[in-house]
Amino acid sequence: AQRVTQPEKLLSVFKGAPVELKCNYSYSGSPELFWYVQYSRQRLQLLLRHISRESIKGFTADLNKGETSFHLKKPFAQEEDSAMYYCALNEDSGAGSYQLTFGKGTKLSVIP
Amino acid sequence: EAQVTQNPRYLITVTGKKLTVTCSQNMNHEYMSWYRQDPGLGLRQIYYSMNVEVTDKGDVPEGYKVSRKEKRNFPLILESPSPNQTSLYFCASSSPFRGSYGYTFGSGTRLTVV
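Chains as they are written, first to last, in our numbering: chain D, 116 to 227; chain F, 4 to 117.
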C-alpha cells in the first residue's frame with residue numbers, strides 16, 4: 116500500500132499564481148514529513164521539514180493530522196520554482212530506526 | 004562541507020561488463036541508501052544499510068549488490084549490467100532517527116547500458 120501519495124504527476128501554473136502541491140500519507144504513528152526539491156535532474160535537496168515549521172523560498176507546508184496531509188504551498192509562483200517535488204515520510208522501520216518513504220513526485224511547471 | 008560524493012557522474016557501458024558506482028559520505032551517518040530514478044516512476048529504493056556490515060534489500064534489488072565495510076562508503080555493484088538498468092542513480096545518507104534532518108543526497112550517476 117502506498118504510504119505517501121502525491122496525486123498529481125504534473126502541475127502547471129502561471130507565474131504569480133498560487134501553488135499547492137498535494138501530499139497525503141498513511142501512518143499509524145506520529146508522522147514526520149519532509150518536502151524535497153529536485154531542479155532539472157540535479158540532486159534532491161531538502162526543502163523543508165514539518166517539525167521546523169519554517170518557510171523556505173516562500174514555501175510552507177502544514178501537517179494536518181485529521182486529513183493526513185502535508186500539502187506544500189506558495190502564494191505566488193516564480194519561474195525558478197519549476198522543479199520536481201517529492202514528499203517523504205520518516206517511518207519507523209523497526210528497532211527504533213527510521214527510513215524515509217518517498218511519494219512518486221510532482222513536476223511543477225511555472226508558465227511565464 | 005558535509006556531503007555525499009558519488010562517482011562517476013556519467014557512465015556508458017556494455018551489457019554484461021561489471022561496474023561499481025562509489026558513494027562516500029563525510030557526516031558519520033549510520034544510514035545509507037541507493038535509489039534509481041526513472042521517468043514516471045519516481046525514486047525507487049535498491050538497497051539500504053543501517054550500519055557497517057548491515058545491508059538489506061529495498062524495492063528493486065534484482066541485478067544489484069552492495070557492501071558496507073566502512074561507515075563512510077557504500078558502493079553499488081552491477082555484476083552483469085543490462086539495458087533495463089539504464090537509469091539515474093542516487094546515493095543518500097542520514098541519521099536514522101526521529102527528528103533527523105532527513106537524507107543528504109549525492110549528485111547522481113547517470114548510467115547507460117548498451
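Ideal Cβ placement from N, Cα and C applies to all residues, glycine included.
{"query": "Starting from D/ARG164 and walking both ways along the beta strand (DSSP E), at which residues does that stretch end?", "result": "160-164"}
{"query": "I'd like to know if F/LEU46 contacts chain D, where contact means its C-beta is closer than 7 Å to some C-beta of that chain.", "result": "yes"}
{"query": "Is it the case that the stretch 25-32 of chain F contacts the stretch 90-98 of chain F, given that we only count it when at least three CB pairs across the two stretches are under 8 Å?", "result": "yes"}
{"query": "Do F/LEU46 and F/TYR38 count as a contact pair if the criterion is CB distance below 7 Å?", "result": "yes"}
{"query": "For D/GLN160, which residues in the same chain have their Cβ closer than 6 Å to its Cβ, ignoring the five residues on either side in sequence?", "result": "VAL152"}
{"query": "Which residues of the stretch 201-225 of chain D have a Cβ closer than 9 Å to any Cβ of chain F? Give them in chain order.", "result": "TYR201, ALA203, ASN205, ASP207, SER208, ALA210, GLY211, SER212, TYR213, GLN214, LEU215, THR216, PHE217, GLY218, LYS219, GLY220"}
{"query": "Which value, in whole angstroms, describes the spacing of the CA atoms of D/PRO190 and D/TYR200?", "result": "16 Å"}
{"query": "I'd like to know whether the C-beta atoms of F/GLN9 and F/CYS26 end up nearer to each other than 7 Å.", "result": "yes"}
{"query": "For chain D, find out if any of its Cβ atoms is closer than 7 Å to the Cβ of F/PHE77; answer yes or no.", "result": "no"}
{"query": "May I ask you to report which of helix, strand or coil DSSP gives F/ASN87?", "result": "helix"}
{"query": "Against chain D, with Cβ distances strictly below 7 Å, would F/SER96 count as a contact?", "result": "no"}
{"query": "Can you name the residues of chain D whose CB is closer than 8 Å to the CB of F/SER110?", "result": "GLN157, ARG158"}
{"query": "Can the beta-carbon of D/ARG164 be found less than 7 Å from the beta-carbon of D/PHE185?", "result": "no"}
{"query": "Could you check the C-alpha separation between D/GLU195 and F/SER110 for me, to the nearest Å?", "result": "20 Å"}
{"query": "Residues in the same chain with beta-carbon distance under 8 Å from F/ARG71, minus the five sequence neighbours each way, listed in chain order, please.", "result": "MET35, SER52, ASN54, VAL55, GLU56, VAL57, THR58, PHE77"}
{"query": "In chain order, what residues of the same chain lie with their CB nearer than 6 Å to the CB of F/THR115, ignoring the 5 residues before and after it?", "result": "ILE15, THR89"}
{"query": "Taking F/LEU91 as the query, report the chain D residues whose CB atoms sit under 9 Å from its CB, ordered along the chain.", "result": "ARG156"}
{"query": "In angstroms, rounded to a whole number, what distance separates the CA positions of F/VAL17 and D/THR120?", "result": "36 Å"}
{"query": "Quick one: what's got a C-beta closer than 7 Å to D/ASP207's C-beta in the same chain, skipping five residues either side?", "result": "GLY144, TYR213"}
{"query": "Among D/ASN205, D/LEU223, D/GLU135, D/LYS222, whose alpha-carbon lies nearest the alpha-carbon of D/THR216?", "result": "D/ASN205"}
{"query": "Consult DSSP for D/GLU195 and reduce its assignment to one of helix, strand or coil.", "result": "helix"}
{"query": "What does F/TYR50 reach in chain D if we use C-beta pairs closer than 9 Å?", "result": "Neighbours of F/TYR50 on chain D: none; closest Cβ ~12 Å, over 9 Å."}
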